[in-house]
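Okay, so here's the structure we're looking at.
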Amino acid sequence: MSLLSERPAPARLPVTALGPHFGAEIHGIDLGRLDDDEVLALREALVAYKVLFVRGQHGLDDAAQIEFGRRLGEVTVGHPVHDSGDVAPEVYALDSQDNGFADVWHTDVTFVRRPPAISVLRAVVLPPGGGDTSWADSQLAYESLSPGLRDFVDTLTAVHDGTREFGYYLAQRRGGRGNVWEGEVVTELTPVEHPVVRVHPESGRKGLFVNPGFTSHIVGVSEHESRGILDILYAHLTKPEHVVRHRWRPGDVALWDNRSTAHYANRDYGDRHRVMHRITLRGDTPAGPASVRR
Numbered sequence: 015m016s017l018l019s020e021r022p023a024p025a026r027l028p029v030t031a032l033g034p035h036f037g038a039e040i041h042g043i044d045l046g047r048l049d050d051d052e053v054l055a056l057r058e059a060l061v062a063y064k065v066l067f068v069r070g071q072h073g074l075d076d077a078a079q080i081e082f083g084r085r086l087g088e089v090t091v092g093h094p095v096h097d098s099g100d101v102a103p104e105v106y107a108l109d110s111q112d113n114g115f116a117d118v119w120h121t122d123v124t125f126v127r128r129p130p131a132i133s134v135l136r137a138v139v140l141p142p143g144g145g146d147t148s149w150a151d152s153q154l155a156y157e158s159l160s161p162g163l164r165d166f167v168d169t170l171t172a173v174h175d176g177t178r179e180f181g182y183y184l185a186q187r188r189g190g191r192g193n194v195w196e197g198e199v200v201t202e203l204t205p206v207e208h209p210v211v212r213v214h215p216e217s218g219r220k221g222l223f224v225n226p227g228f229t230s231h232i233v234g235v236s237e238h239e240s241r242g243i244l245d246i247l248y249a250h251l252t253k254p255e256h257v258v259r260h261r262w263r264p265g266d267v268a269l270w271d272n273r274s275t276a277h278y279a280n281r282d283y284g285d286r287h288r289v290m291h292r293i294t295l296r297g298d299t300p301a302g303p304a305s306v307r308r
């Protein structure tokens, strides 16, 4: 039986799968006008398909995007340290004219104890061509590893460090004072440890939980061994059969499960303008296979 046939069929939502394993489009819905059953079905579809694309949401502005997010879960501030300017505090504005690029494979904000569970991204300004975004299925990537390698990575822990991407920004652009995250003002980016393999809190499936954007090293091995292990996992995670790619149109919204995906935004549009607005929903502390078995 294929993974697709094992998925629960989300009630009342017109879902079109984009491939044999993950990713789907949902047609003919207005994210600002869903009833409670449809919101629940959307949340179930997101866990099953991991990334969902909804086109034609031209009436969705920042306020409606935030309100939609609140119906899915608890909306966080837009980012622990980034100041997105004249937008609501819940919005993280990625503006290509203000160095708002995401052209490295990453999972959102894994450098905190409780990384976001879900991200919702809305196209605001698009270049005439380019700027596609790709998502990788970390659960499929884990399941397609050889059994021996799966057993090995099940035991590993990795360090996630936000200073490489945001340390200078926090110190120089924000004067050492970031945003309020988890009830506290962020004044430093202390590295955190997460399991290399994360057990999804809703589906129970295992997935790789390392990413080139924020994972600095594997705990308990040499630097050379750490780099070798991570290089193997990154190359495997981003194999074409684990990836779905989205070509943005005006009015598009993408939702993804941050607990089971990584993503990458192409920076191939030169000096043309690209603006995306993202919100995130509060997550939980990642749990690995050992802690789940206890």
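Here the numbering used here runs 14 ahead of the position in the sequence shown, where the first position is 1. Heads up, the beta-carbon is just placed ideally off N, CA and C, and yes, glycines get one too.
8 Å Cβ cutoff met for residue i and residue j
{"i": "residue 119", "j": "residue 252", "result": "yes"}
{"i": "residue 45", "j": "residue 267", "result": "yes"}
{"i": "residue 87", "j": "residue 105", "result": "no"}
{"i": "residue 199", "j": "residue 189", "result": "no"}
{"i": "residue 154", "j": "residue 210", "result": "no"}
{"i": "residue 89", "j": "residue 269", "result": "no"}
{"i": "residue 263", "j": "residue 135", "result": "no"}
{"i": "residue 288", "j": "residue 73", "result": "no"}
{"i": "residue 108", "j": "residue 114", "result": "yes"}
{"i": "residue 228", "j": "residue 284", "result": "no"}
{"i": "residue 274", "j": "residue 151", "result": "yes"}
{"i": "residue 82", "j": "residue 39", "result": "no"}
{"i": "residue 147", "j": "residue 277", "result": "yes"}
{"i": "residue 55", "j": "residue 76", "result": "no"}
{"i": "residue 265", "j": "residue 69", "result": "yes"}
{"i": "residue 261", "j": "residue 141", "result": "no"}
Option nearest residue i by Cα separation, candidates the options
{"i": "residue 236", "options": "44, 172, 67", "result": "172"}
{"i": "residue 125", "options": "57, 64, 205", "result": "205"}
{"i": "residue 306", "options": "218, 248, 290, 273", "result": "218"}
{"i": "residue 244", "options": "255, 282, 283, 166", "result": "166"}
{"i": "residue 96", "options": "185, 242, 208", "result": "185"}
{"i": "residue 60", "options": "300, 201, 30", "result": "30"}
{"i": "residue 203", "options": "261, 163, 179", "result": "179"}
{"i": "residue 94", "options": "195, 226, 57", "result": "195"}
{"i": "residue 133", "options": "162, 161, 57", "result": "57"}
{"i": "residue 208", "options": "197, 222, 201", "result": "222"}
{"i": "residue 32", "options": "62, 201, 226, 139", "result": "62"}
{"i": "residue 138", "options": "71, 49, 226", "result": "71"}
{"i": "residue 163", "options": "85, 246, 226", "result": "246"}
In DSSP terms, what residue i is bridged to
{"i": "residue 67", "result": "39, 268"}
{"i": "residue 120", "result": "277"}
{"i": "residue 259", "result": "148"}
{"i": "residue 57", "result": "Answer by DSSP bridge pairing: none, since residue 57 is not bridged."}
{"i": "residue 304", "result": "BP columns for residue 304 are empty, so no partner."}
{"i": "residue 291", "result": "107, 136"}
{"i": "residue 222", "result": "211"}
{"i": "residue 31", "result": "38"}
{"i": "residue 246", "result": "Note: residue 246 sits in no beta bridge, so no partner."}
{"i": "residue 174", "result": "206, 229"}
{"i": "residue 89", "result": "295"}
{"i": "residue 198", "result": "195"}
Cutoff 8 Å; reference residue i; Cβ partners in own chain excluding five residues on either side
{"i": "residue 298", "result": "128, 131, 215"}
{"i": "residue 80", "result": "89, 102, 104, 105, 293"}
{"i": "residue 26", "result": "51, 52, 55"}
Environment of residue i [buried if 16+ CB atoms lie within 10 Å]
{"i": "residue 182", "result": "exposed"}
{"i": "residue 187", "result": "exposed"}
{"i": "residue 272", "result": "buried"}
{"i": "residue 174", "result": "buried"}
{"i": "residue 52", "result": "buried"}
{"i": "residue 34", "result": "exposed"}
{"i": "residue 310", "result": "The chain is shown from 15 up to 308; residue 310 falls before or after that span and cannot be answered."}
{"i": "residue 22", "result": "Note that residue 22 scores a pLDDT of 47, beneath 50, so its modelled location is shaky; the value from the coordinates is reported in the next line. That one is exposed."}
{"i": "residue 224", "result": "buried"}
{"i": "residue 300", "result": "buried"}
{"i": "residue 37", "result": "buried"}
{"i": "residue 111", "result": "exposed"}
{"i": "residue 242", "result": "exposed"}
{"i": "residue 254", "result": "exposed"}
Sequence-distant residues of its chain with Cβ nearer than 7 Å to residue i (five each side left out)
{"i": "residue 250", "result": "155, 159"}
{"i": "residue 303", "result": "168, 211, 213, 220"}
{"i": "residue 143", "result": "283"}
{"i": "residue 256", "result": "150, 151, 154, 155"}
{"i": "residue 78", "result": "46"}
Same chain, Cβ closer than 6 Å to residue i, neighbours up to 5 away in sequence not counted
{"i": "residue 116", "result": "279"}
{"i": "residue 240", "result": "231, 232"}
{"i": "residue 41", "result": "28"}
{"i": "residue 20", "result": "Confidence is the limiting factor: at residue 20 the pLDDT is only 46, short of 50, which leaves the residue's position unreliable and the question unanswerable from this model."}
{"i": "residue 48", "result": "none"}
{"i": "residue 226", "result": "118, 119, 248"}
{"i": "residue 84", "result": "none"}
C-beta neighbour in chain B for residue i, strict 8 Å
{"i": "residue 93", "result": "The structure shown contains no chain B; it holds only a single protein chain."}
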